[in-house]
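Colleague: Input: one structure, supplied below.
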Amino acid sequence: MNLGEVDAILNRYPNAARDALIPILQEVQEHLGFLDRDAVVKIGQHLHLPASKVYGVATFYNQFRFHPPGRFHVQLCRGTACHVKGSAKVLEAVQRALKLNPGETTRDGLFSLEVVACIGACGLAPVISVNGEFHGGVTPDSVKRIIAEYRERGRKDA
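Numbered according to this note's numbering, the sequence shown spans residues 3 to 160.
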């Protein structure tokens with residue numbers, strides 16, 4: 003990670019205090035894709051907070067990632083509509099297909115998995131999003147096909 007990029011973000015928050023922590027974390031993650039240890043330390047220094055406090059806040063909110071996302075970032079909705087329509091089974095199928103847990107990235111860097119409270123596409127329930135591309139009415143069986151399509155895209159683009 004380029005700490006110069008983190009510095010550029012922090013420079014937009016001169017004399018910032020603790021109340022700027024979440025917006026700074028969001029901006030750093032948006033720019034870099036995740037929060038690594040060096041970024042957390044640098045943010046803490048800027049805000050005069052121990053890195054443990056910064057990390058504690060960041061781990062409290064599930065929006066923050068601490069590992070680089072995969073090339074294909076899978077978001078699985080667990081909102082009420084998706085839950086009622088079987089998203090728990092879909093999650094199990096995605097975990098089996100990718101051999102990873104939420105918050106992790108595959109060793110090859112191709113896929114990452116995130117469970118979200120609501121994607122906002124309740125009419126498509128259960129739904130997953132891959133890099134913002136929505137797949138609705140997902141079943142455990144259709145997960146295999148969806149993942150295979152992205153694996154093929156990854157091979158073609160490699």
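Ideal Cβ placement from N, Cα and C applies to all residues, glycine included.
Excluding five sequence neighbours on each side, which residues of the same chain lie with their C-beta closer than 8 Å to the C-beta of LEU5?
Modeller: Hits under 8 Å: ASP40, ALA41 and LYS44.
Colleague: Could you tell me the distance, in whole angstroms, from the CA atom of ILE26 to the CA atom of VAL118?
Modeller: Answer to the nearest angstrom: the Cα atoms are 21 Å apart.
Colleague: Considering Cα atoms alone, identify which of GLY122, LYS101 and PHE62 is closest to LEU112.
Modeller: The residue with the shortest Cα to Cα distance from LEU112 is LYS101.
Colleague: Is the distance from the Cβ of GLY81 to the Cβ of CYS124 below 8 Å?
Modeller: Going by C-beta atoms, GLY81 is nearer than 8 Å to CYS124.
Colleague: Starting from the Cα of GLU94, find the closest Cα among HIS69, TYR152, VAL140 and ALA60 and give me that residue.
Modeller: Ranking HIS69, TYR152, VAL140 and ALA60 by Cα distance to GLU94 puts VAL140 first.
Colleague: Secondary structure at GLN65, three-state DSSP: helix, strand or coil?
Modeller: In the structure shown, GLN65 sits in coil (DSSP, three-state: anything other than H, G, I, E or B).
Colleague: If you follow the beta strand (DSSP E) that LEU23 is part of, which residue opens it and which one closes it?
Modeller: That residue, LEU23, is in no beta strand (DSSP E); its alpha helix (DSSP H) goes 23 to 34.
Colleague: How about PRO71 and THR107: are their beta carbons less than 8 Å apart?
Modeller: Yes, the pair counts as a contact, with Cβ atoms nearer than the cut-off.
Colleague: Per DSSP, HIS48 is paired with what?
Modeller: Beta-bridge pairing links HIS48 to no other residue.
Colleague: Is the beta carbon of PRO134 less than 8 Å from the beta carbon of GLU116?
Modeller: The sequence given here has Gly at residue 134, not Pro. Cβ atoms of GLY134 and GLU116: not closer than 8 Å.
Colleague: Name the two residues that bound the continuous beta strand (DSSP E) containing GLU7.
Modeller: Premise fails: GLU7 lies in the alpha helix (DSSP H), 5 to 13, not in any beta strand (DSSP E).
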